[in-house]
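Q: Its first residue numbered 14, the sequence shown is counted upward by one per residue in our numbering.
From the three backbone atoms N, C-alpha and C, an ideal C-beta is built for every residue, glycine too.
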Amino acid sequence: MKRIQYMLTTPIKQQRADLNEFRELTYRCASLRLDKICTYNSLIRNLGKNQNPDDVRACVKREAGTDDLFCEKFNPNNMMGACDEQNCPFYQRNNAFFNILKRYESAITARRDFWDNKMNQR
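Next comes the structure, spelled out in structure tokens:
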């Protein structure tokens, strides 16, 4: 019902502007998703055959044929999981990852709620 009311009461010019704004949000989400993937990949350290994972510092340690090993201070599923160990060589990358992750989640929420917000304004 709100959609029909929006289409009938909102001028075409405003509908086009709203659609363009939604497209910009969609592009921002896609861009931030790529940034998130790239910054996550920067946290990975590939291990050699004879390398002991305990001797390597990285947020994510990857060995061929096994599951990724995570640093005990890194949890990619926790939005507040940014590393606080400033002397770690991956500290800056880790914080960049979580900053982008927060911006990505914010953009996803804005895109998800966009049309509901527009239709409730009318």
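Okay, do the region 49–56 and the region 28–39 touch, 3+ Cβ pairs below 8 Å being the bar?
A: The region 49–56 vs the region 28–39: no contact.
Q: Does DSSP put F87 in a helix, in a strand, or in coil?
A: The answer is coil: DSSP assigns F87 none of H, G, I, E or B.
Q: What does DSSP give as the partner residue(s) for L82 in the beta ladder?
A: Note: L82 sits in a beta bridge opposite K74.
Q: Mind checking whether A71 and F103 have CB atoms under 8 Å apart?
A: Against a cut-off of 8 Å, the Cβ pair of F103 and A71 comes out as a contact.
Q: Which residue from M14, C42, L32 and R106 puts its Cα closest to that of E118?
A: Of the candidates M14, C42, L32 and R106, the one whose C-alpha sits nearest the C-alpha of E118 is C42.
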